[in-house]
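Novice:
Chains as they are written, first to last, in UniProt numbering: chain A, 1 to 264; chain B, 1 to 405.
1) Cα separation between residue 150 (chain B) and residue 198 (chain B)?
2) Counting only runs of 3+ residues fully inside the stretch 92-149 of chain A, write out the beta strand (DSSP E) ranges in chain order.
3) By DSSP, does residue 188 (chain B) sit in helix, in strand, or in coil?
4) Could you check if residue 19 (chain B) is buried or exposed, using at least 16 other CB atoms within 10 Å of its CB as the buried criterion?
5) Please state whether DSSP places residue 158 (chain B) in a helix, a strand or coil.
6) Mind listing, in chain order, the continuous beta strand (DSSP E) runs of no fewer than 3 residues lying wholly within the stretch 226-265 of chain B?
7) Mapping the DSSP letters down to three states, classify residue 128 (chain B) as helix, strand or coil.
8) Within the 9 Å Cβ cut-off, does residue 197 (chain A) reach chain C?
9) Mind listing the chain A neighbours of residue 6 (chain B)? Cutoff is C-beta to C-beta under 9 Å, in chain order.
10) Across which residues does DSSP place residue 61 (chain A) in a beta bridge pair?
11) Please work out which residues of its chain come closer than 6 Å, Cβ to Cβ, to residue 314 (chain B), disregarding the five sequence neighbours upstream and downstream, and give them in chain order.
12) Quick check on DSSP: helix, strand or coil for residue 278 (chain B)?
13) Would you tell me roughly how many angstroms separate the C-alpha atoms of residue 1 (chain B) and residue 12 (chain B), rounded to the nearest one?
14) In the DSSP assignment, find the alpha helix (DSSP H) that holds residue 115 (chain B) and state where it starts and stops.
15) Measuring straight from C-alpha to C-alpha, what distance separates residue 133 (chain A) and residue 143 (chain A)?
16) Verify whether the separation of the beta carbon atoms of residue 407 (chain B) and residue 82 (chain B) is less than 9 Å.
17) Between the alpha carbons of residue 405 (chain B) and residue 245 (chain B), how many angstroms are there, rounded?
18) Taking all protein chains shown into account, decide if residue 239 (chain A) is buried (16 or more other Cβ within 10 angstroms of its Cβ) or exposed.
19) Three-state secondary structure (DSSP) at residue 138 (chain B)?
20) Looking at C-alpha atoms only, which residue of B:42, B:368, B:202, B:338 is the closest neighbour of residue 87 (chain B)?
21) May I ask you to list the residues that DSSP assigns as paired with residue 55 (chain A)?
22) When you measure from the CB of residue 96 (chain B) to every non-hydrogen atom of the ligand MN, does any distance come out below 8 Å?
23) Between A:85, A:68, A:117, which lies nearest to residue 7 (chain A) when the distance is taken from Cα to Cα?
24) Does residue 64 (chain B) come out as helix, strand or coil in the three-state DSSP assignment?
25) Can you tell me where the beta strand (DSSP E) with residue 211 (chain B) in it begins and where it stops?
26) Under 8 Å Cβ-Cβ, which residues of chain A neighbour residue 219 (chain B)?
27) Find the residues of chain A that neighbour residue 364 (chain B), judging by a C-beta separation of less than 9 Å, and give them in chain order.
28) Between which two residues does the alpha helix (DSSP H) harbouring residue 179 (chain A) extend?
29) Any beta carbon of chain A sitting closer than 9 Å to that of residue 11 (chain B)?
30) Three Cβ pairs or more, each shorter than 8 Å: is that satisfied between the stretch 44-53 of chain A and the stretch 21-33 of chain A?
31) Tell me the DSSP secondary structure of residue 388 (chain B) in three-state form.
32) Looking at residue 299 (chain B) and residue 74 (chain B), is the spacing between their C-beta atoms short of 9 Å?
33) Assuming residue 182 (chain B) and residue 141 (chain B) are in contact, meaning their beta carbons sit under 8 Å apart, how far apart are those beta carbons, in whole angstroms?
34) Specify the secondary structure class of residue 361 (chain B) as computed by DSSP and reduced to three states.
35) Taking buried to mean at least 16 other C-beta atoms within 10 Å of its own C-beta, is residue 280 (chain B) buried or exposed?
36) Can you tell me which of the three DSSP states residue 403 (chain B) falls into?
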């Protein structure tokens, strides 16, 4: 099987985000990591490779510094890594991002599965997986919580999707686009993987390599606009200790308080 | 000159940090309180390759360099000293001694399973009556044909009750002082080996420390490490590696104090301001920040020298001395910044102090290192070449796969 995992380099989940007067978002010097949702997709893809053979290719759309995220994925066990980088890509919205990823996946040739995180922890739009599936013309299996079976020869996959109402079992033909929920415990990089990643010369594909013209990518090609960006107002949190003579009394007072606040 | 970590080093750091944060941080407090080692610790460290991090691949290791060993120790001790102690004892004091002095047969038989983490190793030099004065040990090894008969008692041995292999220093010729000492690889399964745990330690309470008794323990001649009479030099060379891991670990402990203090100083309010805005608190934070940077540079230099195959007894001693003293001060100040909360085990900083205190005692007390540094500076002490030096790090050699038999 050839599995492609599109990942994103994001600020650490503990980073403190600030928004300046002109709407620019900054996370200061917080460390950059592999989007945690993508790590689930990497882990699941590596397990599929271990079971069925083949390879896992990790790709990302981002600046030169995003090579670090790719190396992290290689250190975990991915076989190949490609950076999609071109100054013209800057400002691409989710739909254009999907178009660029789709062009890269087509260029990779025979691909059985695209597996990515359900969303990124910075953008949180969750739009790229469906947009990518549409671009490729492949079925979309979003919010996957479990892979039940894969039949590479019969070219089908059965997954459990996690929905608000419960779980949905879906069978789809391959190739398909999957987006991952928290479905496993991502492995740490191995020392052997670290050595491989450190040595690896990461390929860089630009717009021309992907057969895309400058008008098809970047801010100009994007439909999404951000008329105003601002930090949400800080929530004032007040802490109140409920005291009482016995646990029963404390519980009663707590319930009264929650009812009074219309929480219950 | 290049002060940047390589991609490889950064990834090692990141991986070990994640492991310690994700798996150890949530459980360490209860194990420290209960004075119980984490039962699955060796298994996890072995699975990650940490137990053979800087051992060549052909001897079962991960094939990384000595700087990676230091970085791993810093990250591990940032969470708890007991993790770094495993690296000091199993990797540095024991396994690196086998790499440095062992025969091919000894490496195949003992180093390989140790580097893979299938066997755990410890180092037994200290005795009830001999600590800093290592030549005063009284454990004897009497040659009888093809075996040495060991008799004596070792104490304050890290992992005494958990290890499978011990590197034991004993007197083969008690008349000859430090030239009458030899080193032996002893298996727990050998007759007459008994071990026990010491409870009630001030710190490293999640780590196992204990005693070992040898009662007419027969040790095959082929288990002697190095030549007869070379034991003192082997023991001291082992300490050059053990102290390096302590230096790196103590650096991590300083960082833990600094991170905890910065966080708290930015949250806690007094007199209408964050306490970090008070200059006397700032002084303590500034000192921690400075000592972290100094300690880090000192241990990384020692690691670089090891990579280059340069003798580093002096530099490693300095790194260990500075980092451990600074760790004690950083932990004291971290408690001071945390006030009464720091004095309780609700916060981690009290554990940092208890763990730091041991470090200015083991692997050369601060007093021993003070004297060493003075003697080097005064020209009273010179290091003579050893018969077997710790091999310089050679990436090709370290990563070569074992030849197929």
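Glycine is no exception: its CB is placed at the ideal position from the N, C-alpha and C atoms. All values derive from a computational prediction rather than experimental measurement.
Specialist: A quick look at the data gives this:
1) Here residue 150 (chain B) is taken as the residue at index 150 of the second chain, counted from 1. Here residue 198 (chain B) is taken as the residue at index 198 of the second chain, counted from 1. Approximately 22 Å between the Cα atoms of the pair.
2) 113-117
3) The residue given as residue 188 (chain B) occupies position 188 in the second chain. In the structure shown, residue 188 (chain B) sits in coil (DSSP, three-state: anything other than H, G, I, E or B).
4) Against the second chain, residue 19 (chain B) aligns to sequence position 19. It counts as buried.
5) Position 158 of the second chain, counted from the start, is the residue given in the question as residue 158 (chain B). Of the three classes helix, strand and coil, the one that applies to residue 158 (chain B) here is strand, per DSSP.
6) none
7) Against the second chain, residue 128 (chain B) aligns to sequence position 128. Correct three-state label for residue 128 (chain B): coil.
8) Given the protein chain composition of this structure (A and B), no chain C is represented.
9) On the second chain, position 6 is the one that residue 6 (chain B) refers to. 198, listed in chain order.
10) Along the first chain, one-based indexing puts residue 61 (chain A) at 61. Note: residue 61 (chain A) sits in a beta bridge opposite A:84.
11) Taking the second chain and counting its residues from 1, one reaches residue 314 (chain B) at position 314. Excluding positions up to five away in sequence, the list reads 376.
12) On the second chain, residue 278 (chain B) is found 278 positions in, with the first residue counted as 1. Looking at residue 278 (chain B) - three-state DSSP - the assignment turns out to be coil, as it is neither helix nor strand.
13) Mapped onto the second chain, residue 1 (chain B) falls at position 1. Mapped onto the second chain, residue 12 (chain B) falls at position 12. Cα-Cα distance, rounded: 21 Å.
14) For the purposes of this step, residue 115 (chain B) is identified with residue 115 of the second chain, where counting begins at 1. First-last of the alpha helix (DSSP H) with residue 115 (chain B): 112-116.
15) Against the first chain, residue 133 (chain A) aligns to sequence position 133. Against the first chain, residue 143 (chain A) aligns to sequence position 143. In a straight line, the C-alpha of residue 133 (chain A) is about 14 Å away from that of residue 143 (chain A).
16) Residue 407 (chain B) is absent from the model: chain B starts at 1 and stops at 405.
17) Against the second chain, residue 405 (chain B) aligns to sequence position 405. Against the second chain, residue 245 (chain B) aligns to sequence position 245. Only weak support is given to the placement of residue 405 (chain B): the predicted model assigns it a pLDDT of 49, under 50, and the value that follows is read from those uncertain coordinates. The alpha-carbon atoms of residue 405 (chain B) and residue 245 (chain B) are separated by roughly 35 Å.
18) To locate residue 239 (chain A), count along the first chain from 1; it is residue 239. Exposed, by the Cβ-count rule.
19) The residue given as residue 138 (chain B) occupies position 138 in the second chain. Coil at residue 138 (chain B), not helix or strand.
20) Counted from its first residue, the second chain places residue 87 (chain B) at position 87. Nearest C-alpha to residue 87 (chain B): B:42.
21) Numbered from 1 along the first chain, position 55 holds the residue referred to as residue 55 (chain A). A:2, per the DSSP bridge assignment.
22) The ligand MN is not among the ligands present in this structure, which contains no ligands whatsoever.
23) One-based indexing of the first chain puts residue 7 (chain A) at position 7. Per the Cα distances, A:117.
24) Residue mapping note: residue 64 (chain B) aligns to position 64 of the second chain, counting from 1. Assignment of residue 64 (chain B) by DSSP, reduced to helix, strand and coil, places it in the coil class.
25) The residue given as residue 211 (chain B) occupies position 211 in the second chain. That run of the beta strand (DSSP E) goes 209-220.
26) For this step, residue 219 (chain B) is matched to residue 219 along the second chain. Per Cβ cutoff of 8 Å: no residues; residue 219 (chain B) is ~33 Å from chain A at best.
27) Residue numbering aside, residue 364 (chain B) sits at position 364 when the second chain is read from its first letter. The premise fails here: residue 364 (chain B) is roughly 30 Å from chain A at the closest Cβ pair, so nothing lies under 9 Å.
28) Locating residue 179 (chain A) in the first chain gives position 179, counting from the first residue. Counting along the chain, residue 179 (chain A) falls outside any alpha helix (DSSP H), though it belongs to the beta strand (DSSP E) covering 176-180.
29) Numbered from 1 along the second chain, position 11 holds the residue referred to as residue 11 (chain B). Chain A contact via Cβ: present.
30) No, the stretch 44-53 of chain A is not in contact with the stretch 21-33 of chain A.
31) For the purposes of this step, residue 388 (chain B) is taken as residue 388 along the second chain, with counting starting at 1. The answer is coil: DSSP assigns residue 388 (chain B) none of H, G, I, E or B.
32) Position 74 of the second chain, counting from 1, holds the residue named residue 74 (chain B). Position 299 of the second chain, counting from 1, holds the residue named residue 299 (chain B). Result yes, Cβ atoms of residue 74 (chain B) and residue 299 (chain B) sit closer than 9 Å.
33) The count along the second chain starts at 1 and reaches residue 182 (chain B) at position 182. The count along the second chain starts at 1 and reaches residue 141 (chain B) at position 141. Residue 182 (chain B) to residue 141 (chain B), Cβ: 6 Å. Contact.
34) Start at 1 with the first residue of the second chain, and residue 361 (chain B) comes out as number 361. For residue 361 (chain B), the secondary structure class from DSSP, reduced to helix, strand or coil, is coil.
35) In the second chain, residue 280 (chain B) corresponds to position 280, counting from 1. Flag for residue 280 (chain B) reads exposed.
36) Mapped onto the second chain, residue 403 (chain B) falls at position 403. Residue 403 (chain B): coil per DSSP, three-state reduction.
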